[in-house]
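The opening position of the sequence shown corresponds to residue 779 in our numbering, with each subsequent residue numbered one higher.
Worksheet: the structure to be examined is printed underneath.
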Amino acid sequence: MDFGIPTEVRDLEKRVGLTPAAVVSLVAAGHRVFIQRDAGADAGFRDEHYEQAGARIVYTADEAYGRADVVLKVARPTAAEHTLFRTNQVIMSFFHLTVASTDLVAALAEKEVTAIAYEVMEEPDGRLPVLLPMSETAGRLAPVFAGQLLTNTAGGRGILLSGLPGVARAIVIIVGAGSLGRSAARAFVGTGAQVIVLDNNVDRLNQVDTMFNGTVTTMMANRYNIDRVVGFADVLVGAVLLKGQRAPVLITREMVRKMRPGSVVMDFSIDQGGCIETSRPMTLRDPTFVAEGVIHFCVPNLPAAVARTSSHALTNALLPYIKSLAECGLECALRDFPALHAGVKMYQGKVVSHRLAEALGREIEFDLNAALESLPK
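Have a look at this one:
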């Protein structure tokens, strides 16, 4: 099987779809990898690293797409990439199709592309194996950026997350106790901040309570509680996830208005529309804006800020699934590996995901489950 790795073209998206270590594994199994020149450079992987691993360097995105049975990306394809799709190709990336342009869906349909979305690849036990390391990365980065934004030079309240002897610590409110929320809580606790975590799932709150030996306050994420706590937050973190769906808005503009000037809002649900009413997508180049006197940080691809670490983590999570795809083909892999099956949003250009169909106002266009069940064992 032939794999293509184009250079990421979204602004400051520095990650790469596959590291040289994974290329070695695929090439040793008899597969070919075509990587666009300098695709891994910003993550610290030079072309010679890929050549030594057995990859073939190509000089344009057109070649990286054109030679590939499977294209491995990080961010979803841009409008400029739509014309590069090859008929019956498989493309894997963080698609977030429920909040993407309908032009992308149309381009995938026109070329009969099978789109596998990393963010909804789910194992039977509920784990999201590819999203997990990216969520953990974003969570660990949260205090790095929050601490800087709270400084006077950034327009913040001029406070230190940890406080000092005789000086109060910053108060961090985290809405959502999934993998990102727990990772952020761990990172903020490490700075010495006072952390409060809200979620509507008692089991998750129990996990948080156990993880921190009761030192982190936990609350149910109902409107009453959220409204009570946001007013004294120095940092408000939105970490709400509904798998494959637009995030619900849990924090209203009225709630944000209660926050003190120079406080910080970080909406990590922004790649799925955002869970805070005042949020809008920003970039690493221009990451913040002020609304209601509060600094907003809403960057969808935050792990790109540590591109080498996150590229390693992404590849580590992906490689078992990519190898299964290469070894037994698309249909066999979708049948035998539930996480790959769960990640399919479109199959040969047809919408197969109920959540995507609902977001588009359509019906399911192909019964993938029935097709896979009919395959010989």
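The beta-carbon is built from N, C-alpha and C at its ideal position, and this holds for glycine as well.
Taking the alpha-carbon positions, what's the residue i to residue j distance?
i: residue 1029; j: residue 1123; result: 29 Å
i: residue 883; j: residue 909; result: 21 Å
i: residue 859; j: residue 881; result: 11 Å
i: residue 1097; j: residue 936; result: 44 Å
i: residue 971; j: residue 940; result: 5 Å
i: residue 821; j: residue 962; result: 23 Å
i: residue 869; j: residue 840; result: 14 Å
i: residue 890; j: residue 846; result: 15 Å
i: residue 1156; j: residue 980; result: This structure cannot settle anything about residue 1156, because the visible part of the chain is limited to 779 through 1155.
i: residue 831; j: residue 823; result: 11 Å
i: residue 829; j: residue 850; result: 17 Å
i: residue 1079; j: residue 792; result: 10 Å
i: residue 1150; j: residue 925; result: 50 Å
i: residue 965; j: residue 988; result: 16 Å
i: residue 1117; j: residue 930; result: 45 Å
i: residue 1056; j: residue 827; result: 44 Å
i: residue 1135; j: residue 1064; result: 33 Å
i: residue 1125; j: residue 848; result: 13 Å
i: residue 864; j: residue 903; result: 34 Å
i: residue 990; j: residue 1037; result: 27 Å
i: residue 1005; j: residue 999; result: 10 Å
i: residue 861; j: residue 1060; result: 26 Å
Confirm, please, whether the CB-CB distance from residue j to residue i is below 8 Å.
i: residue 804; j: residue 783; result: no
i: residue 836; j: residue 812; result: yes
i: residue 911; j: residue 1092; result: yes
i: residue 853; j: residue 871; result: yes
i: residue 927; j: residue 1017; result: no
i: residue 810; j: residue 789; result: no
i: residue 1062; j: residue 1077; result: yes
i: residue 833; j: residue 814; result: no
i: residue 1140; j: residue 1130; result: no
i: residue 806; j: residue 1101; result: no
i: residue 1159; j: residue 892; result: Because the chain here runs from 779 to 1155, residue 1159 falls outside it and cannot be looked at.
What is the DSSP secondary structure of residue i, reduced to helix, strand or coil?
i: residue 851; result: strand
i: residue 1004; result: helix
i: residue 972; result: strand
i: residue 779; result: coil
i: residue 846; result: coil
i: residue 837; result: coil
i: residue 1044; result: strand
i: residue 966; result: helix
i: residue 985; result: helix
i: residue 860; result: helix
i: residue 923; result: helix
i: residue 825; result: helix
Between the options, which has its C-alpha nearest residue i's C-alpha?
i: residue 995; options: 949, 1119 and 1094; result: 949
i: residue 857; options: 847, 786 and 800; result: 786
i: residue 1022; options: 810, 854, 873 and 1059; result: 873
i: residue 818; options: 1004, 798 and 965; result: 798
i: residue 1106; options: 939, 834 and 1153; result: 1153
i: residue 986; options: 1059, 1135 and 967; result: 967
i: residue 1104; options: 791, 814, 792 and 801; result: 801
i: residue 1099; options: 1088, 1150, 1135 and 1120; result: 1120
i: residue 1014; options: 904, 1054, 1082 and 1145; result: 1054
i: residue 905; options: 1108, 1135 and 1095; result: 1095
i: residue 1143; options: 1150, 1127, 1137 and 1151; result: 1127
i: residue 778; options: 1147, 1135 and 933; result: A question about residue 778 goes unanswered here, because the residues of the chain that appear run from 779 up to 1155.
i: residue 1025; options: 923, 1058, 1039 and 1038; result: 1058
i: residue 1001; options: 1082, 1027 and 1088; result: 1027
i: residue 997; options: 991, 983 and 990; result: 983
i: residue 1133; options: 1064, 1020 and 1056; result: 1020
i: residue 969; options: 1005, 929, 920 and 1138; result: 920
i: residue 894; options: 1089, 867 and 902; result: 867
i: residue 922; options: 1147, 1090 and 1081; result: 1081
i: residue 838; options: 816, 992, 1136 and 1039; result: 816
Does any heavy atom of the ligand ZN sit closer than 7 Å to the C-beta of residue i?
i: residue 810; result: With respect to the ligand ZN, the structure shown offers nothing to examine, as it has no ligands at all.
_Across the stretch 948 to 957 and the stretch 966 to 977, are there enough close Cβ pairs to call them in contact, namely three or more that are closer than 8 Å?_
yes
*Counting Cβ pairs, one atom from each stretch, are 3 or more of them under 8 Å apart for the stretch 939 to 947 and the stretch 891 to 899?*
no
_With a threshold of 8 Å, are at least 3 pairs of Cβ atoms found where one atom belongs to the stretch 1048 to 1066 and the other to the stretch 868 to 885?_
yes
*Answer yes if the stretch 909 to 925 comes into contact with the stretch 1108 to 1116, meaning at least three C-beta pairs across the two stretches below 8 Å, and no otherwise.*
no
*asked:* Does the contact criterion of 3 or more C-beta pairs under 8 Å hold for the stretch 1030 to 1037 versus the stretch 997 to 1014?
replied: yes
_Touch test, the stretch 1059 to 1074 against the stretch 1036 to 1047, Cβ-Cβ under 8 Å, three pairs minimum_ = yes
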